[in-house]
C-alpha cells in the first residue's frame, strides 16, 4: 500500500510538471530561446545555495523560492545584456549560465564544510530525486501549474501574436516588454518546479523535448 501511495504521488507530480513544462517550453522553442531553460536551471543552483546559507533550513519551499529569485535575476541579466549591448542572445545565456552555475558550485563547496548536518542532501538538486517528493510538493506544483495556465488563457491572444511577430505586436500598441517578462517568468516558474524532481542538469531537456517532439 505504501508503495502504491508513493507511486501515485510521484506520478501525479510528474504529470503536473510535464504539463507545466510542455506549455511553457513550447513558447521558448517557438521564440528560438530553447537554451533559456538550460541557463535558468543552472543559475538556480546558486539560489538554492544562497537560500540555505541565509535560512539554514532544507525546507523545499524556501530553497525553491531562492532558486526562483535567482532564476528571475538571471533572466533579467540575459534580456538586458542582449538589449543593451552587441552580445547576441545565445552568448548572453552562456555568459550568465556559466557565471551563476560556477557561483552555485562554489557556494555548495563552502556549505559542505559546515559542521551542521543540515547541509547534507543539497546535491540532490543537481540530478533530482523524484521519489523524494511529498504530497505537499505535488499540491504546490498543481497550484503553480493552474495559475500559469489561467494567466496564459487570459493573455492568449497577446502572447500568440508576440511569439510569432514581436515587431507587429509592438506596432499595434501592445507592451512587448511586459509580454516578454510574462513568458520568461512562466519558463522560470516551470523550471523551478521541476528542479527537485529532475535536477538542474536535466531540466532543460524537459523544457525543450515536448515542444520539439510536438513540432514534428
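In this note's numbering, the protein residues as written are 786 to 1001. All C-beta atoms, glycine included, are put in the ideal place defined by N, C-alpha and C. All values reported here derive from a predicted model rather than from experimental measurement.
Would you verify that the beta carbon of residue i is, or is not, closer than 8 angstroms to some beta carbon of chain D?
| i | result |
| --- | --- |
| residue 851 | No chain D is part of this structure, which consists of one protein chain only. |
Since residue i and residue j should fall inside the 8 angstroms C-beta cutoff, what is the C-beta to C-beta distance between them, to a whole number of angstroms?
| i | j | result |
| --- | --- | --- |
| residue 983 | residue 991 | 6 angstroms |
| residue 801 | residue 923 | 7 angstroms |
| residue 964 | residue 944 | 6 angstroms |
| residue 889 | residue 980 | So it is not a contact: roughly 12 angstroms between Cβ atoms. |
| residue 857 | residue 970 | 7 angstroms |
| residue 745 | residue 978 | Only positions 786 to 1001 of the chain appear in the structure, and residue 745 is not among them; the question remains open. |
Exposed or buried, what is residue i when buried is set at 16 or more other beta-carbons lying within 10 Å of its beta-carbon?
| i | result |
| --- | --- |
| residue 939 | exposed |
| residue 989 | buried |
| residue 860 | buried |
| residue 919 | exposed |
| residue 930 | buried |
| residue 762 | No statement about residue 762 is possible, as the shown extent of the chain runs from 786 to 1001 and does not include it. |
| residue 855 | buried |
| residue 891 | exposed |
| residue 949 | exposed |
| residue 833 | buried |
Can you name, in chain order, every residue of its own chain whose Cβ lies under 8 angstroms from the Cβ of residue i, other than the five neighbours on each side?
| i | result |
| --- | --- |
| residue 779 | The structure shown does not extend to residue 779, since the chain is modelled only from 786 to 1001, so the question has no answer here. |
| residue 881 | 824, 828, 859, 862, 863 and 866 |
| residue 1001 | none |
Can you find the residues in the same chain that come closer than 7 angstroms, C-beta to C-beta, to residue i, ignoring five residues on each side of it along the sequence?
| i | result |
| --- | --- |
| residue 822 | 810, 813, 972, 976, 988, 989, 992 and 993 |
| residue 795 | 915, 916 and 918 |
| residue 985 | 826, 827, 829, 830, 910 and 911 |
| residue 804 | 930 |
Mind checking which residues open and close the alpha helix (DSSP H) that includes residue i?
| i | result |
| --- | --- |
| residue 981 | 961-1000 |
| residue 921 | 920-939 |
| residue 867 | 845-869 |
| residue 957 | Segment: none, residue 957 is in no alpha helix (DSSP H) and carries neither H nor E. |
| residue 884 | 874-896 |
| residue 915 | Note, residue 915: premise wrong, no alpha helix (DSSP H); not H, not E. |
| residue 830 | 821-840 |
By Cβ distance, which residues of its chain are closer than 6 angstroms to residue i, with the 5 residues on each side in sequence left out?
| i | result |
| --- | --- |
| residue 820 | 878 |
| residue 792 | none |
| residue 836 | 847, 848 and 851 |
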